[in-house]
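Only one structure is covered here, and it is reproduced in the block below.
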Amino acid sequence: MNRDTRTIFELSRPGRMATAQVPKVPKAPKAPAAVEMADIPVNLRRPSRPGLPEVSELQVVRHYTNLSRKNFSIENQFYPLGSCTMKYNPRGTHHAAAQPGFPGRHPLAPAAHSQGFLECLFDLQEILKDVTGMTGVSLTPMAGAQGEFAGVAMIRAYHEARGDAARSEILIPNAAHGTNPATAVMCGYGVREVPLTPDGDVDLDALKASVGPQTAGLMMTNPSTCGVFDRRIEGIAATVHDAGGLLYYDGANLNAILGKVKPGDMGFDVLHMNLHKTFATPHGGGGPGSGPVGVNDKLAPYLPVPMVGRDDAGGFRWLTQQDVPGSIGRLSAFMGNAGILLRAFAYALMLGREGMHRVGEFATLNANYMAARLAEHGFALAYPQRRASHEFVITFAEQAKTLGVSAMDIAKRLLDYGFHSPTTYFPLLVPECFLIEPTETETKEELDAFIEALVAILREAESDPELVLSAPQSLPVKRLDDVKAARELDLAYRPPGE
Amino acid sequence: MPFIPHTAAEVDAMLDAIGAESIEQLFDEIPSQLRAGELRTVPEARSEMAMLRLMGERARKDQLQLCFLGAGCYDHHIPSAVWDITQRGEFLTAYTPYQAEASQGTLQVIYEYQSMMTALTALDVSNASVYDGASGLAEAVLMAVRANRKNKSRRVLMAETVHPLYRQTVATIVRNQGIALDSLPMTASGVVDPAALNGHAEPPVALVVQQPNFFGLLEQVDELTDWAAAHDVLVIAVVNPTSLAILKPPGQWGEGGADIACGDGQPLGIPMASGGPSFGFICCRQAFVRQLPGRIIGRTEDLDGRTGFTLTLQAREQHIRRAKATSNICTNQGLLVTAGTIYLSLLGPAGLEGVAGQCHRRTAQLASAAVTLPGVTERFAGPFFHERVLALPCEAEPVAEKLAARGILAGLPLGDYFPELSRCLLVCGTEKHSDEDIERYVTELGAALSSTEAVA
């Protein structure tokens, strides 16, 4: 195991460099203000060189290759992180986005020389409208949270355009992702939480008591973060609509129903999709994501720009604020995470119509299979009376009490077994929980192996609890001191003595 | 079935374990009237080969040979090792490093990235990146409003010379939080005038300055920063990271330095690729670290006292603080940051200076060659870096279209952004350009201009 934790800075030696990468070595390396810079006034020049590492090309390649080997990833391990949809990211999609013409396309190139790119985006807009049951799509949001921002900003623009500006509150079920309330606040709204019933649905009576003339809208995920489909969604939609509010669909869990149910048919007015989940684009260690938004006719006038439309000659063109005067505006300098959009489109082309239906089916099959097998082994499902959607919640509340091992301990021990842990301690309302999402791309053998590992870990917790409590043992580091990290902030390397 | 591994026998065995008769039955909690019908627009499935053929055909339509267009996205050489390593599955297909022990690779890369960005900007701390430069500026503006304890104004003064697409993005994102954006107008020289600041009765909460500005011109950042410091105004610097090899870093502007620096990391090893994904960076003074949005990585120790890296200061973030978080942001651009970190390691201080110097030299060469053409002048005189505004004797847009038809991106026609500059092209040279490339540009520009005049 590689336990070298030196940073690239500690490999640095003054005067060393990856010479092949330097376009032209300055003649006097000690003098940053070389002769040809004479036209830049001295007071605007950098007085000394930045403290970047001075290393050889091989050192760089070896250092970062070795660092990569300290990561778990989908391509190395089963990664059943609930609500994150860690499915296989087809390698072909990266090649699609790398076809000559795409990587070198400047974002401000004239439309006449961008027809290939624009056509891909246009087609993707149409596909996403179809799978969501919406009438308008804008691809520009760069992540789910930015899609949420766009969606709630559109809700606000809608109410303001109708002179209905007193609506001040967004309703959010208390199992929601943290991004939902944070987004509502960024859009200038207050947040009111709505409780769930014991079986995981939104408490319709509580919702009815919460709506009113102050209600701008409701943000909700369905299936919810509890891994169940809210059966009374039509009643929820009617309640919010009757109060004059709009319905926002958080597409984090769209994989569960892809090709089976369209959010537009459930009564949602606006949604975002996480292409890095449902459309298999890579998560990249935390990003890039991509969060296109879809709307029905009520909100179409407010969609963020740019979008792609047809021109009179049958070609494709950018739609800007001039075409969509009510637009909430622009969310990035150019066209969001364009390369991710190309990958999602390539994925959709390979799935095709039938493949799209099967995503939801097999994601649901895998989750229900795991839930059933784990229940057989005595694990406690949080919602045993319900069908699992594409994910499900188990709770270790009992084990925490009787064996003294927490969900976090079990999660860490799973790493020793070569599995990435499921999402832990979320949803917040289930104690000591795992949210498990296997996705459709995993084999039955892999699911079985994971279940066996969990069974083995519980046995260890009975016979040798220290093994579980001190896990992981086999990774590059043991458990980290988060308190020290926050108290003695060390956020950037400084050379010794500085 | 694309990407679904199940055999028919396995499906049966799994349904048995569940106690269901069919996959269909697993959807029995969904009201039947909500069940989707056929998908109409989604095409039939294609093999990878057929998909790549279609994508390849479309991509080829967009190929151009020479790019002299910058305006926030730059055509630099990317060392081969950058993406060979970045595309390793361990980086490409990991998620946010919630399980630190299983994510030390990503975590250490981001720590090194934060270190490099603070070195470049000469500020104390960096976050783990945000989506892009424009949305990063919006986050920086929101951060400044929270961080400025001495000045509770909600008016932000933004130089008119900040990239217009950045200004539009900021307007969208801060609009609903009661923050007003005022414009500090540019002078005839294409920069803002520090003396004009004294006309502001009530000091704004923050001043946004881009260096080099949208036109490639250098602002008087020392004077602007000193005025701000004297009036309890925070300075937000928007900078091109490549330029920081040569230009004074924001942390050293004026007497006390800028407070926040942000910008787009695309020049650091990210292909132009239609503008995204790239990454936005935000650096700031130590005192403001708790107001920084987004992920932050810290170095710490494990139980055995060994060095390790972990997400820290999470109490700022949406998954903990929910409605009270500093931002709703949930991702960083981890993959692009990995590429940027490898790029900066390969270039090092001398290499980055070499790239920046070559960019500047090629831009100067391009501009001085272009003004030998009849009727072509440099629109603004003052000192510049990496970009230049050419004034043509006619409208710029048709000229740019003519050059595009000859395989050359001639620069950005400015009329859409500044109507009074509709005869101007913003051009950009990089280290990729050779003497021959520049000669070809000038020859083609000359031909386009004479044919345009002939028509006129």
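Chains V and H, in that order, are what the protein sequence lines are.
Those letters in the first sequence? Residues 4 to 501, per this note's numbering, in order.
Those letters in the second sequence? Residues 80 to 535, per this note's numbering, in order.
Where is the CB? At the ideal position from N, CA and C, for every residue including glycine.
It should be emphasised that the depicted structure is a prediction, and the values quoted were computed from it without experimental measurement.
Scanning chain V for C-beta atoms nearer than 7 Å to the C-beta of L199(H) yields P53, reported in chain order.
If you draw a straight line from the Cα of P387(V) to the Cα of T442(V), it is about 20 Å long.
Comparing alpha carbon positions, the residue from T531(H), A87(H), R114(H) and I408(H) closest to G363(V) is R114(H).
Along the stretch 270-296 of chain H, going in chain order, the ones with a CB nearer than 9 Å to a CB of chain V are Q290.
Counted as a single uninterrupted DSSP element, the alpha helix (DSSP H) harbouring S194(H) occupies residues Q183 to T200. At a cut-off of 9 Å, the C-beta of Y520(H) has no neighbouring C-beta in chain V. Its chain contains R233 as the residues whose beta carbon lies nearer than 7 Å to that of G257(H), once the 5 sequence neighbours on both sides are disregarded; these appear in chain order.
Only those residues of the stretch 114-148 of chain V whose C-beta falls short of 8 Å from the nearest C-beta of chain H are listed: A115, H116, S117, Q118, G119, F120, E122, C123, E129, I130, K132, D133, V134, G136, M145, A146, G147 and A148.
Counting only residues of its own chain and dropping the five nearest sequence neighbours on each side, L500(H) has a CB closer than 6 Å to the CB of L493. When C-alpha distances from P93(V) are compared across V416(H), F294(H), L504(H) and P81(H), the shortest belongs to P81(H). By the Cβ criterion, the stretch 373-388 of chain H is not in contact with the stretch 147-158 of chain V, since fewer than three pairs of Cβ atoms, one from each stretch, lie closer than 8 Å. Using a Cβ-Cβ cut-off of 7 Å, H162(V) is close to nothing in chain H; its nearest Cβ partner there is about 12 Å away. Excluding residues up to 5 positions away in sequence, K481 lie with their Cβ nearer than 8 Å to the Cβ of S530(H) in the same chain. Nearest Cα to V298(V) within the set D133(V), Y67(V) and M145(V): D133(V). In the DSSP annotation of this structure, the continuous segment of the beta strand (DSSP E) that includes Q290(H) starts and ends at A285 to Q290. For the pair P356(H) and N319(H), the CB atoms are not nearer than the 9 Å cut-off.
Pairing N255(H) with G193(V), the inter-Cα distance amounts to about 12 Å. The way I'd put it, the stretch 329-346 of chain V does touch the stretch 109-127 of chain V; three or more beta-carbon pairs between them come closer than 8 Å. Contacts with chain H at 9 Å (Cβ-Cβ) do not include R170(V). Take Q62(V), set aside five residues on each side of it, and the residues of its chain with a beta-carbon closer than 6 Å to its own are L14, in chain order. Of all alpha-carbon atoms in L236(H), S322(H), S101(H) and D91(H), the one lying nearest the alpha-carbon of G151(H) is that of S322(H). Taking C-beta atoms as the reference points, N371(V) and I97(H) count as a pair closer than 9 Å. Comparing alpha carbon positions, the residue from G95(V), E445(V) and A316(V) closest to F348(V) is G95(V).
Less than 9 Å separates the beta-carbon of Q331(H) from that of P50(V).
By the rule that beta-carbons nearer than 9 Å mark a contact, G329(V) does not touch chain H. With a contact defined as Cβ atoms closer than 8 Å, V408(V) and L472(V) qualify at about 6 Å.
Per the coordinates, the alpha-carbon of G107(V) lies some 6 Å from the alpha-carbon of M351(H). Between I439(V) and F382(V) the beta-carbon gap is near 10 Å, outside 8 Å, which marks them as no contact. Using a Cβ-Cβ cut-off of 9 Å, E457(H) does not count as an interface residue toward chain V, since no Cβ of chain V sits closer than that to its own. Counting only the Cα atoms, Q80(V) lies some 7 Å from G421(V).
Q128(V) and L199(V) have their C-alpha atoms roughly 34 Å apart. R502(H) and P291(H) have their C-alpha atoms spaced approximately 22 Å apart. Cβ contact annotation for M223(V) (same chain, cutoff 8 Å, sequence separation greater than five): I175, P176, A179, V205, D233, I239, L250, Y251, Y252 and D253, in chain order.
Boundaries of the alpha helix (DSSP H) around I130(V): Q118 to T135. Secondary structure at N258(V): helix, using DSSP grouped into helix, strand and coil. If you draw a straight line from the Cα of F75(V) to the Cα of T175(H), it is about 11 Å long.
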